[in-house]
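Per this note's numbering, the sequence shown runs over residues 176 to 648. Note that beta-carbon positions come from the ideal geometry of N, C-alpha and C, so glycine has one too. Keep in mind that this is a model prediction, so the values were computed, not measured.
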Amino acid sequence: MGTPDDDRLDEVVRAVDAGFDDARLALEDLVRIASISADPDRQADVQHSADATASYVESCGLESVRLATVPGCPPAVIAEWSGAASSDGNAPTVLLYAHHDVQPPGYEERWESDPFEPVARDGRLYGRGTADDKAGAVAHGAMLKAWLDTAGALPCNVKVLIEGEEEIGSPHLSAFLAEYADDLAADVLLLADAGNWSVGTPGLTYSLRGLAGGDVRVSMLDSPLHSGMAGGVVPDPALALARLLDSMVDEHGDVAIDGFWDDVRAPSAEERARIAALPVDEDRLRAAWGVLPGVELAGDPAVSVYERLWHRPALTVLGVDTHPIEGSSNQIVASAAARLSFRVAPGQDPARLNRLVADHVAKHTPWGIDVRFDPHEAVPAWSCEPEGWAFDAAGRALTAGFGTPPVHMGVGGTIPFVGPFADAYGGIPVLMLGPADPHSRIHGEDESLHLDDWRKLMISEALLLRELADASP
Ligand SMILES: [Zn+2]
Numbered sequence: 176m177g178t179p180d181d182d183r184l185d186e187v188v189r190a191v192d193a194g195f196d197d198a199r200l201a202l203e204d205l206v207r208i209a210s211i212s213a214d215p216d217r218q219a220d221v222q223h224s225a226d227a228t229a230s231y232v233e234s235c236g237l238e239s240v241r242l243a244t245v246p247g248c249p250p251a252v253i254a255e256w257s258g259a260a261s262s263d264g265n266a267p268t269v270l271l272y273a274h275h276d277v278q279p280p281g282y283e284e285r286w287e288s289d290p291f292e293p294v295a296r297d298g299r300l301y302g303r304g305t306a307d308d309k310a311g312a313v314a315h316g317a318m319l320k321a322w323l324d325t326a327g328a329l330p331c332n333v334k335v336l337i338e339g340e341e342e343i344g345s346p347h348l349s350a351f352l353a354e355y356a357d358d359l360a361a362d363v364l365l366l367a368d369a370g371n372w373s374v375g376t377p378g379l380t381y382s383l384r385g386l387a388g389g390d391v392r393v394s395m396l397d398s399p400l401h402s403g404m405a406g407g408v409v410p411d412p413a414l415a416l417a418r419l420l421d422s423m424v425d426e427h428g429d430v431a432i433d434g435f436w437d438d439v440r441a442p443s444a445e446e447r448a449r450i451a452a453l454p455v456d457e458d459r460l461r462a463a464w465g466v467l468p469g470v471e472l473a474g475d476p477a478v479s480v481y482e483r484l485w486h487r488p489a490l491t492v493l494g495v496d497t498h499p500i501e502g503s504s505n506q507i508v509a510s511a512a513a514r515l516s517f518r519v520a521p522g523q524d525p526a527r528l529n530r531l532v533a534d535h536v537a538k539h540t541p542w543g544i545d546v547r548f549d550p551h552e553a554v555p556a557w558s559c560e561p562e563g564w565a566f567d568a569a570g571r572a573l574t575a576g577f578g579t580p581p582v583h584m585g586v587g588g589t590i591p592f593v594g595p596f597a598d599a600y601g602g603i604p605v606l607m608l609g610p611a612d613p614h615s616r617i618h619g620e621d622e623s624l625h626l627d628d629w630r631k632l633m634i635s636e637a638l639l640l641r642e643l644a645d646a647s648p
């Protein structure tokens with residue numbers, strides 16, 4: 176007890192606490208910027224968000240802060256700090272990742288408060304991007320500032336990447352990584368874009384699902400047709416679409432497209448053991464998700480909920496175009512379309528899945544109606560074994576920061592950056608922490624951040640830099 180190092184760490188933790196209110200103000204300013212990467216009308220906001228994020232990162236003491244882009248790519252923020260001196264002259268370099276773009280707000284009238292005007296209620300901060308992932312960007316900055324203000328240096332060399340197109344599947348990722356390979360090279364990747372197991376219990380995420388999918392459109396008429404004059408003889412494209420969608424799933428809602436499951440990698444013995452060790456509390460999950468009473472959960476009920484969420488594919492219909500109910504009249508619509516999103520399981524090749532979907536669509540659209548499928552993004556899943564020096568360091572830091580050890584968990588969502596980045600630098604360790612929790616409703620309405628867990632995340636990250644510097648081989 177009481178070594179100079181311990182005193183130094185205590186000082187850093189106190190500085191995180193002392194700086195917390197400022198960090199929160201910085202987060203609130205960023206949340207006010209509607210940096211919706213999916214909305215072409217919001218390009219200026221995404222640019223503004225990148226500028227504001229860069230200013231914040233610079234105010235935390237980072238160096239060489241700049242905006243980075245490749246043609247067509249919303250700007251990312253890159254920064255670094257490279258003055259770490261270790262006893263053997265070999266301090267590790269840690270890349271800190273987050274993203275500053277956000278999802279669209281969805282139905283704004285269903286938000287209890289304006290999605291772009293952050294408001295605190297019951298210890299949570301509400302607003303789009305509070306948890307996903309502006310809190311991640313600010314957590315990185317705030318804990319680096321605490322280190323630099325107290326110790327004047329960081330225990331590791333650090334690079335920072337705050338991406339601007341994560342929420343649209345990072346379509347420029349490979350060009351970006353090629354262009355900025357040297358600027359981003361690191362020994363460990365630390366993301367603050369995942370989340371905690373529950374409020375108060377940290378998570379350490381070791382697997383992500385991928386993404387496939389696209390738009391399917393059935394067309395039949397040049398223009399709408401009187402349903403009284405033609406209905407019963409001329410087929411209805413909306414019904415054709417409904418039958419086509421229905422043919423894609425079984426009675427549980429599991430994907431039922433021919434060959435779709437052929438490349439799903441079965442969970443390893445270690446993965447199964449980790450899942451079996453987790454408490455399964457469906458009622459807690461249902462409450463956190465807001466599933467209404469009486470609604471059955473989807474997927475094969477013989478398979479555990481977490482295996483369904485982390486190791487199996489899933490189909491979601493993101494949107495349907497026919498005629499809106501309001502203003503509709505007695506007409507057969509001319510065409511109907513749906514946007515399909517497949518979460519891709521570990522092992523699956525998303526480009527192959529999109530080809531299977533195209534084949535399925537061609538075979539299962541009824542009544543000879545013209546159909547086309549335009550594939551969108553194709554991102555594979557990613558997973559690793561959560562062991563080794565970096566994971567051990569993260570385990571110690573999170574245990575100290577939260578006062579309870581982390582749960583090793585998967586996530587059903589996708590972060591396209593992780594796999595290509597880890598591969599580009601020879602399979603470096605990836606540590607996924609984050610500010611979200613099951614109540615955060617990320618991508619949904621009333622997104623929120625648990626403020627005290629966010630503070631604990633900052634402290635854990637601050638401690639983790641020290642742990643990584645000490646544990647690095
Ligand atoms: Zn995110």
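Beta-bridge pairing of residue i - partner residues as DSSP gives them
i    : result
W155 : Any question about residue 155 goes unanswered here, given that the chain covers just 176 to 648.
Y301 : V294, S623
V586 : L383
N135 : Within the shown structure, residues of the chain are numbered from 176 to 648, placing residue 135 beyond reach of any answer.
F351 : DSSP, once it has assigned bridges, lists no residue as partnering F351.
T491 : S516
A251 : A243
L364 : L270, V605
D496 : A512
W546 : Residue identity differs from the one stated: residue 546 is Val in this sequence, not Trp. Note: V546 sits in a beta bridge opposite V393.
Residue environment, residue i, which counts as buried when at least 16 other CB atoms sit within 10 Å
i    : result
N505 : exposed
V536 : buried
K631 : buried
L184 : buried
A448 : exposed
T491 : exposed
E292 : exposed
I500 : exposed
D628 : buried
P648 : exposed
G258 : exposed
M633 : buried
N265 : exposed
A451 : exposed
G570 : buried
E238 : exposed
G502 : exposed
G585 : buried
P454 : exposed
A568 : buried
M607 : buried
Residue from the options with nearest C-alpha to residue i
i    : options                : result
V519 : D496, L531, A489, I507 : A489
D397 : I343, L414, A509, G298 : A509
E530 : D549, A512, E636, D545 : Residue identity check: residue 530 is Arg in the sequence provided, not Glu. Of D549, A512, E636, D545, the residue nearest in Cα terms is D549.
Q278 : V252, T589, G619, A201 : G619
M318 : L640, A646, G543       : L640
A553 : P591, E284, A367, C248 : P591
V409 : A321, V466, D204, G543 : G543
P442 : S239, G522, D645       : G522
P555 : A193, G406, P595       : P595
G311 : L300, E445, A367       : A367
H315 : A326, F195, D289, H223 : F195
D204 : T228, V269, S635       : T228
S623 : V470, E287, A260       : E287
V532 : G434, T497, G563       : G434
S635 : E471, A575, M607, L365 : A575
Between the stretch 552-560 and the stretch 405-422, do at least 3 Cβ pairs fall closer than 8 Å? With a cut-off of 8 Å on Cβ pairs, the stretch 552-560 is not in contact with the stretch 405-422, counting fewer than three such pairs.
Looking at C-beta atoms only, is the number of pairs between the stretch 567-584 and the stretch 370-381 that lie closer than 8 Å three or more? At 8 Å Cβ cutoff, the stretches touch.
For the structure I just gave you, are there three or more beta carbon pairs, one from the stretch 597-604 and one from the stretch 360-369, closer than 8 Å? At 8 Å Cβ cutoff, the stretches touch.
Using 8 Å as the threshold, is the stretch 364-371 in touch with the stretch 604-622, meaning 3 or more CB pairs across them? Yes, the stretch 364-371 is in contact with the stretch 604-622.
Any beta strand (DSSP E) of 3 or more consecutive residues that is wholly inside the stretch 384-444: The qualifying runs are 385-394.
Per the contact definition of three or more C-beta pairs closer than 8 Å, is the stretch 333-347 in contact with the stretch 238-254? Short answer: they touch.
Would you be able to state if there are at least three C-beta pairs under 8 Å between the stretch 338-351 and the stretch 229-247? Yes, since at least three Cβ pairs between the stretch 229-247 and the stretch 338-351 fall closer than 8 Å, the two stretches touch.
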